[in-house]
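Heads up: the sequence lines are chains A and B, in that order.
The working numbering applies: residue 21 is where the first sequence begins, and numbers increase by one.
The working numbering applies: residue 18 is where the second sequence begins, and numbers increase by one.
Where is the CB? At the ideal position from N, CA and C, for every residue including glycine.
For reference, the structure discussed in these notes is given below.
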Amino acid sequence: GAVVSQHPSWVICKSGTSVKIECRSLDFQATTMFWYRQFPKQSLMLMATSNEGSKATYEQGVEKDKFLINHASLTLSTLTVTSAHPEDSSFYICSASPHDRGRSYGYTFGSGTRLTVV
Amino acid sequence: DAKTTQPTSMDCAEGRAANLPCNHSTISGNEYVYWYRQIHSQGPQYIIHGLKNNETNEMASLIITEDRKSSTLILPHATLRDTAVYYCIVRANRDDKIIFGKGTRLHILP
């Protein structure tokens with residue numbers, strides 16, 4: 021149980037276009053999901069906390085107008101990279117935890133989306 | 018900032034036990050210790066977690082010192098597929114965001 025599906029697994033887009041990445045909790049509900057970015061040979065960097073039914077909370081230094089997050093249901097959060105540039109090329113990963121579980125359960129991570137902007 | 022410190026890298030011979038240390042000297046009483054690993058180009062995978070007592074599951078064992086300021090993840094019989102970056106994380110509440118440190122890059126040597 022506690023499966024998080026991320027789509028697409030990889031995407032190539034042209035500079036200036038927008039790309040949407042989906043994160044779904046397949047067998048549980050999640051009021052909170054997290055979005056991370058990872059550059060080669062670096063650790064995961066938390067970008068934002070996605071809250072179902074309300075605005076996302078962004079980490080310092082992350083442009084909210086560039087990385088649009090929508091969490092319209094308890095099973096789906098989307099990250100849209102707007103006006104993508106080559107420096108946005110990265111590995112994007114989401115995570116979530118079952119809503120009805122206690123704090124002793126860990127988060128499940130998606131398999132990641134590799135974005136390449138050309 | 019991450020609340021843990023780990024060695025940058027470690028080597029372990031295949032078939033031997035891999036012991037990965039983690040220092041979390043500022044851990045609070047209500048914070049759990051979690052371990053995740055990330056195999057190249059994949060999302061992190063949950064391994065194990067604990068509060069005070071030692072824990073064991075099908076993947077690994079977690080040994081937490083009595084003062085809770087450090088812990089050790091033990092992979093009893095390491096295989097080549099255990100080559101990954103291992104992250105030690107402390108967190109309290111269910112919805113606490115997970116902040117990753119740099120982790121330990123574990124190389125399993127054939």
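Assigned secondary structure, residue i (DSSP; H/G/I helix, E/B strand, else coil)
i	result
Glu72 (chain A)	coil
Arg44 (chain A)	strand
Arg85 (chain B)	coil
Leu64 (chain A)	coil
Leu94 (chain A)	coil
Within 8 Å, strictly: CB atoms of residue i and residue j
i	j	result
Leu92 (chain B)	Asp99 (chain B)	yes
Cys39 (chain B)	Ser87 (chain B)	yes
Glu31 (chain B)	Pro127 (chain B)	yes
Thr25 (chain B)	His41 (chain B)	no
Met27 (chain B)	Thr96 (chain B)	no
Ala22 (chain A)	Thr98 (chain A)	no
Val50 (chain B)	Val102 (chain B)	no
Ile185 (chain A)	Gly126 (chain A)	Nothing in the structure corresponds to residue 185 (chain A), since chain A is present only between 21 and 138.
Lys69 (chain B)	Arg54 (chain B)	no
Ile65 (chain B)	Asn71 (chain B)	no
Ser110 (chain A)	Gln58 (chain A)	yes
His94 (chain B)	Ala34 (chain B)	yes
Ala104 (chain A)	Ser45 (chain A)	no
Ala109 (chain B)	Ser45 (chain B)	yes
Cβ of residue i within 8 Å of any chain B Cβ
i	result
Gly81 (chain A)	no
Tyr112 (chain A)	no
Leu46 (chain A)	no
Phe59 (chain A)	no
Phe87 (chain A)	no
Gly132 (chain A)	yes
Tyr127 (chain A)	yes
Leu96 (chain A)	no
Thr69 (chain A)	yes
Leu66 (chain A)	yes
Ser63 (chain A)	yes
Ser93 (chain A)	no
Ser25 (chain A)	no
Ser38 (chain A)	no
Ser115 (chain A)	yes
8 Å Cβ cutoff, residue i in contact with chain A
i	result
Ile115 (chain B)	yes
Leu66 (chain B)	Note that residue 66 (chain B) is His in the sequence shown here, rather than Leu. Judged by the 8 Å Cβ criterion, His66 (chain B) is in contact with chain A.
Gly120 (chain B)	yes
Tyr63 (chain B)	yes
Tyr51 (chain B)	yes
Gly60 (chain B)	yes
Three or more C-beta pairs below 8 Å linking the segment 41-61 of chain A and the segment 87-94 of chain A
Taking 8 Å as the limit for Cβ pairs, the verdict is that the segment 87-94 of chain A does touch the segment 41-61 of chain A.
My parser needs the beta strand (DSSP E) runs of 3 or more residues fully inside the segment 23-76 of chain B; what are they?
With a minimum length of 3 residues, the continuous beta strand (DSSP E) runs that stay inside the segment 23-76 of chain B are 26-30, 35-40, 49-55 and 62-67.
Would you check if there are 3 or more beta carbon pairs closer than 8 Å linking the segment 25-43 of chain A to the segment 126-137 of chain A?
Enough Cβ pairs lie closer than 8 Å, so yes.
Using 8 Å as the cut-off, can you tell me whether the segment 104-118 of chain B makes contact with the segment 65-75 of chain A, which would need three or more C-beta pairs spanning the two stretches below that distance?
With the rule of 3 Cβ pairs closer than 8 Å, the segment 104-118 of chain B counts as touching the segment 65-75 of chain A.
Three or more C-beta pairs below 8 Å linking the segment 68-83 of chain A and the segment 24-35 of chain A:
With a cut-off of 8 Å on Cβ pairs, the segment 68-83 of chain A is not in contact with the segment 24-35 of chain A, counting fewer than three such pairs.
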